[in-house]
């Protein structure tokens with residue numbers, strides 16, 4: 012909103028403050044000195060909006076609540092309106108992605124007959140702390156290329172909170188490819204739209220080197236379970252320890268209002284000496300954990 | 109990445125580039141350290157350490173880079189320590205460095221912070237160490253992995269939770285320390301072994317060289333293990349050794365197995381080796397067939413030998429663990445497991461075992477003999493050794509007992525000793541024989557029975573006779589003399605007080621030396637003869653108190669033997685030597701009152717003189733020897749004596765040169781006048797001899813005058829004058845003052861004659877003769893009176 016100073020400046024300052032940090036808020040309206048505001052009423056709205064970037068400016072409100080603050084009249088001096096939206100369901104977290112954003116906003120409207128209504132927006136973040144998952148399984152998988160490579164990897168759990176650490180191990184059971192190194196990547200897959208209009212954007216948020224060089228060459232571990240009994244003799248096991256805190260991750264979002272999803276994957280990448288890449292991707296679930 | 113074939117120059121370039129990048133980041137890191145900026149410090153140290161990610165450098169060059177990193181990381185470690193003092197939690201720091209995306213810098217930083225972490229004691233050392241050694245698995249590239257783990261070993265070595273260390277933990281603290289080191293060792297060894305499979309096959313040799321350069325990085329772990337105070341024997345036996353050996357055996361790599369076995373032997377205490385011999389030795393047959401086991405095992409035995417030698421207190425331990433039989437078995441197994449082992453290896457092993465048993469069980473000759481026997485078994489069917497080194501090893505093997513016991517007698521009891529010697533070529537056999545003889549002489553060993561002499565001569569037969577195959581070709585004359593002289597000295601050393609036994613010894617020696625051939629006999633017969641004559645004299649001394657039974661050995665018997673022995677010399681031919689020896693024997697027979705024997709010896713001597721000695725010089729020497737010997741003989745009756753004397757005089761007169769004739773003839777005068785024999789005082793024949801000598805001297809003068817125009821010197825006359833004076837003093841009635849007087853005059857006139865060649869020596873001789881006479885005159889008494897009439 013751009014006004015020519017003096018001529019088109021707003022008739023008043025509107026400030027929205029969170030008086031107790033939770034649900035109770037207040038709005039104060041203060042006209043400029045010597046001016047009065049005639050209005051047809053003052054209201055405040057709480058909006059939960061999703062904006063797709065291919066359709067910028069077009070907000071889809073999945074929440075819209077209104078509180079009337081004042082009946083039509085004049086405001087001569089600073090006037091404060093306390094208000095409260097209690098027991099609001101905010102099922103979705105604020106999200107700011109590549110192609111989509113989900114935001115929460117408080118919108119104050121001073122309705123006027125002339126000069127246009129005066130509106131003021133105040134965004135706020137919503138973080139959800141779901142209960143920690145009760146079931147959190149290990150991810151364990153064996154992958155390979157016949158007669159060339161056979162590896163098994165495991166991540167300690169499948170659901171991580173945002174400051175979590177990924178702990179795991181990779182067992183090399185058979186390696187006949189000249190591996191140069193191995194990385195673990197964290198990838199975020201944001202899909203927007205639905206049906207034929209689905210748009211998927213994948214970002215690599217972390218590239219973390221797990222292994223430098225190639226482990227045992229051409230050695231087939233005959234007993235498949237040997238590493239469980241004697242991990243020290245069963246080929247090579249490479250440890251994984253990846254701290255998630257340095258990366259900007261969000262919780263996993265699944266099918267938010269049929270508009271978008273955000274999923275996370277761990278991608279294990281082996282690079283051979285000819286720069287050929289072999290990889291295996293595994294979805295993990297990210298969630299927000301309340302600080303205790 | 110393509111490797112450029114001629115990579116040396118490029119490597120220099122890469123190293124330079126690496127160092128440049130490294131220095132630049134180190135500079136920024138220093139700046140961050142100075143301004144206490146942790147974030148920047150981490151950033152630049154990570155970049156700095158990224159230079160270590162290179163694959164382009166050989167280990168040698170990589171090491172240069174590594175050492176720089178090592179120095180810089182010390183500074184960083186100090187900084188981390190200060191950070192914790194400034195309130196930064198070490199745990200946070202430990203996490204923070206793990207955010208680095210590249211694994212190699214991450215792990216170097218982790219080890220560095222880990223070091224501070226342990227020092228802070230905020231977590232037990234064992235937990236941190238375990239985490240570090242586990243995380244390092246991420247580096248599987250051999251060279252980078254080896255250096256990283258080497259760094260870990262370096263920063264952790266003073267932080268192990270050893271007993272007595274400030275980082276000591278709970279009850280199992282030593283186990284934790286050991287586990288850590290063992291794990292690092294195992295991983296490093298795997299990397300090291302794997303190194304050979306990296307890169308193209310054609311560079312294998314270069315890689316093996318590079319691997320060898322890196323071996324100490326791996327071995328360092330064993331060294332660290334050996335420094336852990338808390339490892340007692342039980343722990344070493346139950347954990348450390350089996351685990352290390354498991355790794356060594358399973359890696360199936362020649363280079364690693366050789367180096368690590370040697371390392372184990374060198375770094376751990378002898379006492380432990382002794383107590384774990386079973387386990388340690390059990391590993392050897394499982395090694396790759398190409399591993400140079402002999403060197404390693406030899407070093408083990410050498411160490412144990414030295415340990416045994418260090419103190420007598422430890423010897424019972426050796427007995428208790430039956431070290432010898434264990435080693436012996438192990439060697440047998442190793443040799444069977446490695447059928448391609450060269451014979452050198454086999455001998456080296458047995459040589460070490462022998463040294464070991466000599467040190468540890470000096471009293472167990474049977475052990476030593478067992479070793480030699482085993483050696484013989486392995487040598488059998490291989491013929492003489494061609495391999496120089498193997499031959500040297502056998503010499504070492506055979507010398508060991510001699511050195512140890514300083515006594516060949518002990519070695520002679522080793523039945524397998526000569527059997528081993530048979531595998532030496534004849535040249536070496538001789539060397540060995542010389543060593544044996546030197547040992548005997550050095551230690552003055554008494555070899556006092558015929559059996560031992562037999563055994564000894566069996567050992568040194570290389571010197572005693574020509575062994576088959578060599579036909580005495582190309583033998584250095586000096587060497588040969590040297591050898592034979594030592595044999596001669598040896599013969600003189602063989603001695604027994606018991607005359608009966610001594611006779612047996614002599615017979616034994618004789619038996620052996622007679623096969624020695626013409627070149628050796630002149631060296632070996634004389635000592636045998638003298639040794640026999642010594643025995644004769646001893647028998648002579650004993651005969652006065654005959655103790656009955658021992659009548660088998662008589663001088664007569666010995667003389668018979670001697671006669672035959674000396675005869676061999678005349679056949680070779682070596683007549684001069686034979687003649688001398690005959691005369692020696694005759695003299696001995698004379699002392700034994702054996703006239704016929706003495707006569708026989710003289711006869712032999714005369715025959716030799718007549719038939720074999722034709723050189724005039726030799727004749728002169730021989731005739732004087734004959735005269736000298738004959739003069740002393742008292743055993744002969746008049747007839748025999750006359751015959752011999754007559755012959756001798758005859759020989760004298762027939763010498764070629766006049767002066768020689770003259771001297772021999774006047775020497776013969778002594779044959780007729782022997783002071784202590786009253787029956788030999790024939791003054792007339794003495795005079796005849798002297799007169800004849802004078803005639804010959806005169807003839808010599810004239811011949812000289814005729815041939816050269818000047819008479820020779822008067823020396824001969826002066827000599828004859830001296831003979832005159834001798835007999836004059838002895839009271840020979842036929843030597844008169846007048847005769848002496850006229851001889852003096854003759855000499856004086858000869859001297860003044862014009863044709864006389866001045867001869868200062870003769871003049872001096874004559875002058876001192878005259879002075880002597882003057883002196884005798886002035887002495888007075890009977891002699892003075894005798895001389896009185898002579899006018900000088």
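Chains as they are written, first to last, in our numbering: chain A, 12 to 303; chain B, 109 to 900. Even glycine gets a Cβ: it sits at the ideal position worked out from N, Cα and C.
Within chain A, the residues that residue i reaches when beta carbons sit closer than 7 Å
i: residue 248 of chain B; result: 222, 223, 224, 225, 226 and 247
i: residue 212 of chain B; result: 223
Cβ separation of residue i and residue j, assumed to be a contact under 8 Å, to the nearest whole Å
i: residue 348 of chain B; j: residue 333 of chain B; result: 6 Å
i: residue 717 of chain B; j: residue 759 of chain B; result: 7 Å
i: residue 55 of chain A; j: residue 94 of chain A; result: 6 Å
i: residue 613 of chain B; j: residue 686 of chain B; result: Between residue 686 of chain B and residue 613 of chain B the Cβ distance is about 23 Å, and since that is not below 8 Å, they are no contact.
Residue nearest to residue i in terms of C-alpha spacing, selected from the options
i: residue 627 of chain B; options: B:588, B:599 and B:644; result: B:588
i: residue 135 of chain A; options: A:59, A:70, A:49 and A:180; result: A:59
i: residue 608 of chain B; options: B:646, B:596 and B:625; result: B:646
i: residue 747 of chain B; options: B:777, B:713, B:735 and B:704; result: B:704
i: residue 851 of chain B; options: B:863, B:614, B:524 and B:823; result: B:823
i: residue 84 of chain A; options: A:124, A:112 and A:193; result: A:124
i: residue 153 of chain A; options: A:182, A:91, A:295 and A:71; result: A:182
i: residue 169 of chain A; options: A:36, A:25, A:277 and A:299; result: A:277
i: residue 449 of chain B; options: B:629, B:467, B:419 and B:486; result: B:486
i: residue 299 of chain B; options: B:803, B:288, B:319 and B:677; result: B:319
i: residue 367 of chain B; options: B:216, B:329 and B:553; result: B:329
i: residue 141 of chain B; options: B:191, B:285 and B:706; result: B:191
i: residue 629 of chain B; options: B:604, B:673 and B:586; result: B:673
i: residue 168 of chain B; options: B:378, B:419, B:711 and B:321; result: B:321
Under 7 Å from the C-beta of residue i: neighbouring residues of chain B
i: residue 218 of chain A; result: 209
i: residue 254 of chain A; result: 203, 206 and 207
Alpha carbon of residue i to alpha carbon of residue j, nearest angstrom
i: residue 243 of chain A; j: residue 153 of chain B; result: Reliability of the predicted coordinates at residue 243 of chain A is poor, the pLDDT of 45 falling under 50, and no value is obtained from them.
i: residue 118 of chain A; j: residue 126 of chain B; result: 60 Å
i: residue 110 of chain A; j: residue 270 of chain A; result: 11 Å
i: residue 224 of chain A; j: residue 182 of chain B; result: 26 Å
i: residue 515 of chain B; j: residue 551 of chain B; result: 7 Å
i: residue 124 of chain B; j: residue 396 of chain B; result: 41 Å
i: residue 714 of chain B; j: residue 854 of chain B; result: 36 Å
i: residue 755 of chain B; j: residue 776 of chain B; result: 10 Å
i: residue 584 of chain B; j: residue 726 of chain B; result: 27 Å
i: residue 23 of chain A; j: residue 57 of chain A; result: 21 Å
i: residue 42 of chain A; j: residue 115 of chain A; result: 27 Å
i: residue 728 of chain B; j: residue 772 of chain B; result: 8 Å
i: residue 254 of chain B; j: residue 170 of chain B; result: 11 Å
Whether residue i touches residue j by CB criterion (7 Å)
i: residue 257 of chain B; j: residue 296 of chain B; result: yes
i: residue 476 of chain B; j: residue 424 of chain B; result: no
i: residue 375 of chain B; j: residue 338 of chain B; result: no
i: residue 708 of chain B; j: residue 683 of chain B; result: no
i: residue 898 of chain B; j: residue 849 of chain B; result: yes
i: residue 482 of chain B; j: residue 452 of chain B; result: no
i: residue 845 of chain B; j: residue 877 of chain B; result: no
i: residue 180 of chain A; j: residue 248 of chain A; result: yes
i: residue 283 of chain A; j: residue 189 of chain A; result: yes
i: residue 252 of chain A; j: residue 197 of chain A; result: no
i: residue 468 of chain B; j: residue 524 of chain B; result: no
i: residue 517 of chain B; j: residue 540 of chain B; result: no
i: residue 199 of chain A; j: residue 220 of chain A; result: no
i: residue 103 of chain A; j: residue 295 of chain A; result: no
Within chain B, the residues that residue i reaches when beta carbons sit closer than 9 Å
i: residue 29 of chain A; result: Within 9 Å Cβ-Cβ: nothing; residue 29 of chain A doesn't reach chain B, min ~32 Å.
Under 8 Å from the C-beta of residue i: neighbouring residues of chain D
i: residue 243 of chain B; result: Absence of chain D from the displayed structure is noted, the protein chains being A and B.
Neighbour list for residue i in chain A, Cβ cutoff strictly below 9 Å
i: residue 253 of chain B; result: 223 and 224
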